[in-house]
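With the first letter of the sequence shown counted as 1, position 77 gets the number 193 in the numbering used here; the numbers rise by one all the way through. Heads up: the structure comes next, in structure tokens.
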Amino acid sequence: MEEDPEYVVTCKRTTQLLNLESAVEFTGTVQVTEYMPKMDIIVQSSISEGQPLSVLEAFAAHRPVIATDVGCCRELIYGDSTDSLGIAGAVVPPMDFNSMAREILRLARDFELRFQMAEVGYERTKRNYTYEQFIDSYRNIYLQEGKAKWLV
117 MEEDPEYVVT CKRTTQLLNL ESAVEFTGTV QVTEYMPKMD IIVQSSISEG QPLSVLEAFA
177 AHRPVIATDV GCCRELIYGD STDSLGIAGA VVPPMDFNSM AREILRLARD FELRFQMAEV
237 GYERTKRNYT YEQFIDSYRN IYLQEGKAKW LV
């Protein structure tokens with residue numbers, strides 16, 4: 117809301133044109149730890165991402181994610197070749213609002229599925245994306261390159 121006021125105006129006009137004003141809430145900056153429990157499903161509809169922290173935040177809060185197939189969203193939601201935990205949400209093509217809507221409705225109608233996906237996402241985050249693992253992976257890269265023997 118604060119970052120790009122022109123974009124906010126465009127988004128609000130879009131919700132008006134689509135008659136979605138009662139279904140969409142523009143919050144601006146919120147305290148994530150307080151706001152996340154109010155949501156059942158997290159939707160990330162980017163057209164470009166690297167590693168979206170919003171997906172990891174959602175998983176840490178035990179929420180399933182529906183995301184576009186950008187960056188490493190597919191790996192975060194479905195796991196990589198070494199991961200047998202299961203599915204933590206759904207991945208749809210970028211800008212495919214019909215697929216996004218279908219997945220939102222599918223998860224909205226199935227509490228057990230949302231709960232199961234949320235637990236998979238939480239476990240995947242706990243196993244693979246902690247602060248300690250992040251620091252260790254960087255330490256290993258520097259050690260392998262012989263750049264920082266003092267990091268041991």
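Every residue, glycine too, gets a C-beta built ideally from N, C-alpha and C. Source: prediction; values computed, not measured.
Under 8 Å: do the stretch 138 to 146 and the stretch 190 to 207 share three or more Cβ pairs, one atom per stretch? Contact between the stretch 138 to 146 and the stretch 190 to 207 is absent, because fewer than three Cβ pairs lie under 8 Å.
What is the rounded straight-line gap between the Cα of serine 161 and the Cα of glycine 262? Inter-residue distance for serine 161 and glycine 262 is about 40 Å (C-alpha atoms, whole angstroms).
Residues of its chain near aspartate 226, where Cβ-Cβ distance is below 8 Å and the 5 sequence neighbours each way are ignored: So the list is empty, once near-sequence residues are dropped.
Below 8 Å on the Cβ atoms is my guess for leucine 223 versus leucine 229; work out the distance and round it to an integer in Å. 6 Å between Cβ atoms; contact.
Which one or two residues does DSSP pair with threonine 184 in a beta bridge? Answer is Val208.
Quick one, which of Gly237, Arg240, Glu219 has its alpha-carbon nearest valine 207's? Nearest C-alpha to valine 207: Glu219.
Is the CB-CB distance between methionine 216 and isoleucine 163 below 8 Å? Between methionine 216 and isoleucine 163, the C-beta gap is not smaller than 8 Å, which leaves the two residues out of contact.
Backbone secondary structure at valine 140 - three-state DSSP: DSSP places valine 140 in coil when its eight states are reduced to three.
Can you name, in chain order, every residue of its own chain whose Cβ lies under 8 Å from the Cβ of valine 124, other than the five neighbours on each side? Cβ neighbours of valine 124 beyond the five flanking positions: Met117, Phe142.
Under DSSP, the alpha helix (DSSP H) around isoleucine 251 begins and ends at which residues? Start and end: 247 to 260.
Taking just the CA atoms, how far does serine 253 sit from asparagine 135? Pairing asparagine 135 with serine 253, the inter-Cα distance amounts to about 47 Å.
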